[in-house]
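J.:
2 protein chains.
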Amino acid sequence: MKDFAYYNPTRIEFGKGKEEQMGQYISEYGLKKVLIVYGSERIKKSGLFGKVTKSLDEKGIAYEELGGIISNPVLSKVYEGIELAKSKNVDAILGIGGASVLDSSKAIAAGAVYEGDVWDFFTFKAQSTEALRIFSVMTLAASGSEMNNYAVVTNEETKQKMSIRSTATFPTVSVVNPELQATVTKEYLAYSAADIFAHSLDMYLTATYLPEYIAGYVENILRTVIRTTEVLLEDAGNYEARGEFAWAATNALNFTTNCGVENNRFDTHFIEHTMSAEYNIAHGAGLSIVVPAWMKWQMNLLPDRFARFAKEIFNKDTAEEGIEALKNWYTKIGAPVTLKEGNIPEEGIEMMVEKLFAGAQMLGADALYTKEMLTTVFENAK
Amino acid sequence: MKDFAYYNPTRIEFGKGKEEQMGQYISEYGLKKVLIVYGSERIKKSGLFGKVTKSLDEKGIAYEELGGIISNPVLSKVYEGIELAKSKNVDAILGIGGASVLDSSKAIAAGAVYEGDVWDFFTFKAQSTEALRIFSVMTLAASGSEMNNYAVVTNEETKQKMSIRSTATFPTVSVVNPELQATVTKEYLAYSAADIFAHSLDMYLTATYLPEYIAGYVENILRTVIRTTEVLLEDAGNYEARGEFAWAATNALNFTTNCGVENNRFDTHFIEHTMSAEYNIAHGAGLSIVVPAWMKWQMNLLPDRFARFAKEIFNKDTAEEGIEALKNWYTKIGAPVTLKEGNIPEEGIEMMVEKLFAGAQMLGADALYTKEMLTTVFENAK
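Chains A and B, in that order, give the protein sequences.
Using my numbering, read the first sequence as starting at 1 and increasing by one per residue.
Using my numbering, read the second sequence as starting at 1001 and increasing by one per residue.
1) On a CA-only basis, which of A:Ala365, A:Val52, A:Val291 and A:Ala319 is nearest A:Gly23? Give me that one, please.
2) Whose CA, out of A:Ala236, A:Leu210 and A:Trp247, lies closest to the CA of A:Leu222?
3) Relative to the C-alpha of A:Lys59, which candidate in A:Ser46, A:Ala241 and A:Leu31 has its C-alpha closest?
4) Would you tell me roughly how many angstroms separate the C-alpha atoms of B:Thr1421 and A:Gly284, rounded to the nearest one?
5) Name the chain A residues whose beta carbon is nearer than 8 Å to that of B:Met1001?
6) If we define contact as Cβ-Cβ less than 8 Å, is B:Ala1277 a contact residue for chain A?
7) Within the same chain, show all residues whose beta-carbon is closer than 8 Å to that of A:Lys44, passing over the 5 residues directly before and after it, in chain order.
8) Please specify which runs of the alpha helix (DSSP H), each continuous and at least 4 residues long, are wholly inside the region 1284–1353 of chain B, giving them in chain order.
9) If you measure between the beta carbons of B:Ala1252 and B:Gly1144, is that distance less than 8 Å?
10) Along the region 1197–1217 of chain B, where does the CB come closer than 8 Å to a CB of chain A? Name the residues.
11) State yes or no: is the beta carbon of A:Thr370 nearer than 8 Å to at least one beta carbon in chain B?
12) What did DSSP end up calling A:Thr160 once you bin it into helix, strand or coil?
13) From the DSSP output, read off the bridge partner residues of A:Asn155.
14) Could you please give the first and the last residue of the uninterrupted alpha helix (DSSP H) stretch that includes A:Leu205?
15) For B:Val1290, which residues of its own chain have a beta-carbon under 6 Å away from its beta-carbon, when the five flanking residues on both sides are left out?
16) In the region 103–139 of chain A, which residue ranges form an unbroken alpha helix (DSSP H) of at least 4 residues, counting only runs that do not cross its ends?
17) Using a C-beta to C-beta distance shorter than 7 Å, which residues of chain B count as neighbours of A:Asn315?
18) Are the Cβ atoms of B:Asn1149 and B:Leu1075 separated by less than 8 Å?
19) Which value, in whole angstroms, describes the spacing of the CA atoms of B:Met1203 and B:Thr1318?
20) Can you list, in chain order, the residues of its chain whose CB lies under 8 Å from that of A:Asn280, leaving out five sequence neighbours each side?
21) Can you give me the start and stop residues for the beta strand (DSSP E) that A:Lys45 sits inside?
22) Which bits of chain A does B:Ala1005 rub up against, with CB to CB less than 8 Å?
23) Taking the CB atoms as reference points, tell me whether A:Gly15 and A:Asn177 lie closer together than 8 Å.
24) When you compare only the Cα positions, how much space is there between A:Gly243 and B:Asn1263?
25) Cβ of B:Asn1149 less than 8 Å from any chain A Cβ?
26) At the level of alpha carbons, what is the spacing between B:Glu1187 and B:Lys1340?
27) Listed in chain order, which residues of the region 1156–1179 of chain B have Cβ atoms closer than 8 Å to some Cβ of chain A?
28) May I ask you to list, following chain order, the residues of the region 1257–1278 of chain B that have a beta carbon less than 8 Å from some beta carbon of chain A?
29) Does the beta-carbon distance from B:Ile1134 to B:Thr1169 come in below 8 Å?
30) Using 10 angstroms around the beta-carbon of B:Pro1171, count the other beta-carbons present and answer buried if the total reaches 16, otherwise exposed.
31) Report, in whole angstroms, the separation of the C-beta atoms of A:Ile349 and A:Phe378, which I expect to be a contact under 8 Å.
32) Around the C-beta of B:Ala1413, are 16 or more other C-beta atoms found within 10 angstroms, so that it is buried, or is it exposed?
33) Does A:Asn220 come within less than 8 Å of chain B when only Cβ atoms are used?
34) Helix or strand or just coil, what does DSSP make of A:Glu65?
35) Along chain B, in chain order, which residues have C-beta atoms closer than 8 Å to that of A:Thr53?
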């Protein structure tokens, strides 16, 4: 094991009906007024919003509302939330929704206690060290946002998609109720599976040193995702599979997978962010295209790791067969594996390569993300 | 997955030389004076104590000392620590040592902010909800005490070995430096392996519902313990194996193994505690005797689970063969598997059964821990 620090103070309340205890959880921290952040009005029609606010009412916790958070959440809504949080003197943020809602909640929580512009945290002009307490009810299993301190936000003006990570932006309590996640479409379930795979493989297939213990840990996550996705596509109401899928998603990005590993990278997320920013493709669908294409490039760097992946996950003998098996599995569950299947024009490759390379230069990562490397990955995705 | 709550705020600082940063870690929480709790004077001779106190000096953190903590730590030393902590106005406890030192540190931290008798927490007369902050440098991998909130202490007067668990008794920061754990004897390494196995199997082989994800998670811990123990018995200086062994030990009892499981029990620890209280046997050595003997009794309750264990861990086809393989492995690494090998007289069985049954009655668990069950386990250990 290489040296590492592990810290994750988020309390997970997992199970049926736990959202109805949110008032109780918040009251345990002595808080009196929250800003509820959410996406569409669907959560009001479904009754979820009402269940949570009823639990707040019962504990005498007041609330303000900020709806309308969209996928690839935008900075303008974060500003709106910060303004509300400050003017209404709320003392916590409660996100009800998926990754976009949770990420926005974290950014609002950090911005609400900061005198300057919250975007400073995203552009490394300042480091966030405090935030309002964050609570969440996670309605989609994929991002792991319920148990990490990442928040990804897009600045519409500058067209930058950037992230923050602060010791203060871990949710205090996150509710994970698999029943609330059961309404996802088959399509988005497949994309979610691809997202969890990418979180795992971005580490597993890039780390220059991977302890055997961590390799086995990640393989268990991947096997769980394969098994439960297949069950859920046949039987959306299978609570056990839904629960294990949710917990695998949480564990794939709560920092347990990179304890003791060395030099892991986030290639596929880096590449996909530009793809989904330029074309209207779901993040997970972009990843199911990028990951196998990227693997064909990356396999030469860590051949033994790729052979292990092939054997352990798909019982195949070579790295190539392992990648092919993953592609076939994505196809089987309904996730795209080519640019064409994702409705991304091949003519866009050059433009995406240019944008990605410019981004890589800004991050000082252009020795890795060369135009040649980026072009190869996109060519592999044809 | 069954409903669960997961919460573990301990920050782990893992790696070489991390103990020399202890002053830095403590200063990050604004603390000025600590009580250092430790066992024998060996840590002064080895230089460990000096390294840690040098780091405290550098950050202007004052310290008091309480040495002399023994295995199966006793209440009188906890009282002594509480007295010191109160009279010297320390604002944190720093344990340097193994499980006994850490457990004592937790009890002192809880008792130091309590007006009454700390033993109230152990006997359920009161619930601990606050404590001084706890820091630790863990010198023996086995108990998981570095990343959980358990503290087991023996009251010498009443001869009771009891435990506390409070949200306030998680260490704030624990240093796990595998190099500091490399001086353990081969004998104690084997006992530690048996302890980690027991922590894992007490859950894995008793839960009436075990999610597949968690089963795979625990099997990965068990395989890691087998692999790294064998490496370390041949090559005590193997840092990678030492590190994985340490991290497996931490994860076996940091509450990740029982997320979503139902009705797990702690039979073998329950039984062994009386064995080590009555006879001078190391906890881990007691466990390597009790576990296979108990398995022969338990296997009829969960035959499929035992068959899975046999297959996954030892590639054997039946539950019986799996148990035999575990016994053989314990023998191979030098851990005892019979009462005789542990120097425990068979004449003592009846007395231990009586004591255990009385304990079970006190806990309201005598329907499970019947005299017949307890006798069967000890008879199996002959």
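We put the beta carbon where it would ideally sit given N, CA and C, even for glycine.
It should be emphasised that the depicted structure is a prediction, and the values quoted were computed from it without experimental measurement.
T.: The answer reads as follows:
1) The residue given as residue 23 of chain A occupies position 23 in the first sequence. For A:Gly23, the closest of A:Ala365, A:Val52, A:Val291 and A:Ala319 by C-alpha to C-alpha distance is A:Val52.
2) Residue 222 of chain A sits at position 222 when you count from the first residue of the first sequence. Looking at the Cα atoms, A:Trp247 is the closest of the given residues.
3) Your numbering for residue 59 of chain A matches position 59 in the first sequence. Nearest of A:Ser46, A:Ala241 and A:Leu31 to A:Lys59, Cα basis: A:Leu31.
4) Coverage of chain B is limited to positions 1001 through 1382, which leaves residue 1421 of chain B absent and any answer about it impossible.
5) Within the second sequence, residue 1001 of chain B is the residue found at index 1, counting from 1. The answer, in chain order, is Phe14, Gly15, Pro178, Glu240, Gly243, Glu244, Ala246 and Trp247.
6) If you number the second sequence from 1, residue 1277 of chain B lands on position 277. Under the 8 Å criterion on CB atoms, B:Ala1277 is classed as non-interfacial with respect to chain A.
7) Within the first sequence, numbered from 1, the residue matching residue 44 of chain A stands at position 44. The residues Gly50, in chain order, have a CB closer than 8 Å to that of A:Lys44 in the same chain once the five nearest residues on each side in sequence are set aside.
8) 1303–1314 and 1319–1333
9) Position 252 of the second sequence, counting from 1, holds the residue named residue 1252 of chain B. Position 144 of the second sequence, counting from 1, holds the residue named residue 1144 of chain B. Going by C-beta atoms, B:Ala1252 is nearer than 8 Å to B:Gly1144.
10) Pro1211, Glu1212, Tyr1213, Gly1216 and Tyr1217
11) For the purposes of this step, residue 370 of chain A is identified with residue 370 of the first sequence, where counting begins at 1. A:Thr370 does not count as touching chain B.
12) Position 160 of the first sequence holds residue 160 of chain A. Here the sequence assigns Gln to residue 160 of chain A, which means Thr is not the residue at that position. Strand, per DSSP.
13) Your numbering for residue 155 of chain A matches position 155 in the first sequence. A:Gln160.
14) Residue 205 of chain A sits at position 205 when you count from the first residue of the first sequence. Looking at the DSSP string, A:Leu205 is not in any alpha helix (DSSP H), and its letter there is neither H nor E.
15) As a first step, residue 1290 of chain B is located in the second sequence; it is residue number 290 there, counting from the start. Thr1268, Ile1271 and Glu1272, listed in sequence order.
16) 119–122
17) As a first step, residue 315 of chain A must be located in the first sequence, where it is residue number 315. The premise fails here: A:Asn315 is roughly 16 Å from chain B at the closest Cβ pair, so nothing lies under 7 Å.
18) Locating residue 1149 of chain B in the second sequence gives position 149, counting from the first residue. Locating residue 1075 of chain B in the second sequence gives position 75, counting from the first residue. Contact: no.
19) The residue given as residue 1203 of chain B occupies position 203 in the second sequence. The residue given as residue 1318 of chain B occupies position 318 in the second sequence. Our two residues, B:Met1203 and B:Thr1318, have alpha carbons roughly 20 Å apart in a direct line.
20) Locating residue 280 of chain A in the first sequence gives position 280, where the first residue counts as 1. Around A:Asn280: no qualifying Cβ.
21) Position 45 of the first sequence holds residue 45 of chain A. Careful: A:Lys45 lies outside any beta strand (DSSP E), inside the alpha helix (DSSP H) at Arg42 to Lys45.
22) As a working note, residue 1005 of chain B is residue 5 in the second sequence. In chain order: Arg11, Ile12, Glu13 and Phe14.
23) Here the question's residue 15 of chain A lines up with position 15 in the first sequence. Here the question's residue 177 of chain A lines up with position 177 in the first sequence. Closer than 8 Å, so yes.
24) Residue mapping note: residue 243 of chain A aligns to position 243 of the first sequence, counting from 1. Residue mapping note: residue 1263 of chain B aligns to position 263 of the second sequence, counting from 1. Straight-line Cα distance between these residues: approximately 18 Å.
25) For the purposes of this step, residue 1149 of chain B is taken as residue 149 along the second sequence, with counting starting at 1. B:Asn1149 does not count as touching chain A.
26) Residue 1187 of chain B sits at position 187 when you count from the first residue of the second sequence. Residue 1340 of chain B sits at position 340 when you count from the first residue of the second sequence. The alpha-carbon separation between B:Glu1187 and B:Lys1340 amounts to approximately 17 Å.
27) Pro1178
28) Cys1259 and Gly1260
29) Position 134 of the second sequence holds residue 1134 of chain B. Position 169 of the second sequence holds residue 1169 of chain B. In this structure, B:Thr1169 lies closer than 8 Å to B:Ile1134 by Cβ.
30) Within the second sequence, the letter at position 171 stands for residue 1171 of chain B. Result: buried.
31) As a position in the first sequence, residue 349 of chain A is number 349, starting the count at 1. As a position in the first sequence, residue 378 of chain A is number 378, starting the count at 1. About 4 Å; that satisfies the 8 Å criterion.
32) Absent from the model: residue 1413 of chain B. The displayed extent of chain B is 1001 to 1382, so no value can be given.
33) The residue you call residue 220 of chain A lines up with position 220 of the first sequence. At least one chain B Cβ lies under 8 Å of A:Asn220.
34) Your numbering for residue 65 of chain A matches position 65 in the first sequence. DSSP places A:Glu65 in strand when its eight states are reduced to three.
35) As a position in the first sequence, residue 53 of chain A is number 53, starting the count at 1. Under the 8 Å cutoff, chain B gives no residues; its nearest Cβ is about 22 Å from A:Thr53.
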